[in-house]
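First residue of the sequence shown? That's 9 in the working numbering, and the numbers climb one at a time after it.
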Amino acid sequence: SWRIPRPGFLLDLAYLMLIEAIDPFTCTWCFGRAEVRDDKGLVIYCHACDGTGKRPMRDMDRARVLDIPKSSWSNTWGERYRETQIETVDRWEDLIGGALRRRIA
């Protein structure tokens with residue numbers, strides 16, 4: 009049985025999952041290019057996003073958005089969140105992506 013921290017928490021958790029799935033979280037340093045120019049104009053790997061072009065959402069950010077302590081996220085909600093995300097949102101992405109690829113092909 010899950011001990012829910014406050015009314016509306018599970019709905020907020022679901023919204024967070026959807027937001028993470030649809031928001032590109034573009035890196036604000038390289039603007040999604042995964043590379044930047046140094047002082048001499050040379051193109052280098054973007055260290056802000058580790059060359060992904062995305063600004064990763066951290067557990068600390070998730071806890072803050074859900075208004076719970078980071079320890080509560082780490083000890084209780086983080087693993088549940090990832091499991092649910094894999095079982096639902098990631099699966100939907102795969103299904104929708106496959107359907108679109110079949111239509112385009």
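Using N, Cα and C, we set each Cβ at its ideal position, and we do this for glycine too.
Alpha helix (DSSP H) segment containing residue i, residue limits
i, result
"E101", "R99 to I112"
Assigned secondary structure, residue i (DSSP; H/G/I helix, E/B strand, else coil)
i, result
"R45", "strand"
"I94", "helix"
"I12", "coil"
"I30", "helix"
Residue j beta carbon less than 8 Å from that of residue i
i, j, result
"R63", "T34", "yes"
"G61", "G40", "yes"
"A29", "E91", "no"
"W81", "R99", "no"
"I12", "L18", "yes"
Inter-residue Cα distance where the pair is residue i and residue j
i, j, result
"A107", "C57", "30 Å"
"V73", "G49", "38 Å"
"Y23", "Q93", "11 Å"
"Y53", "E43", "5 Å"
Residue i: CB within 7 Å of a non-hydrogen atom of the ligand COA
i, result
"W81", "Absent from the structure shown: the ligand COA. Ligands present: none."
Extent of the continuous beta strand (DSSP E) run through residue i
i, result
"I76", "Counting along the chain, I76 falls outside any beta strand (DSSP E), and DSSP gives it neither H nor E."
Rounded Cβ spacing between residue i and residue j (contact assumed at less than 8 Å)
i, j, result
"L26", "V97", "7 Å"
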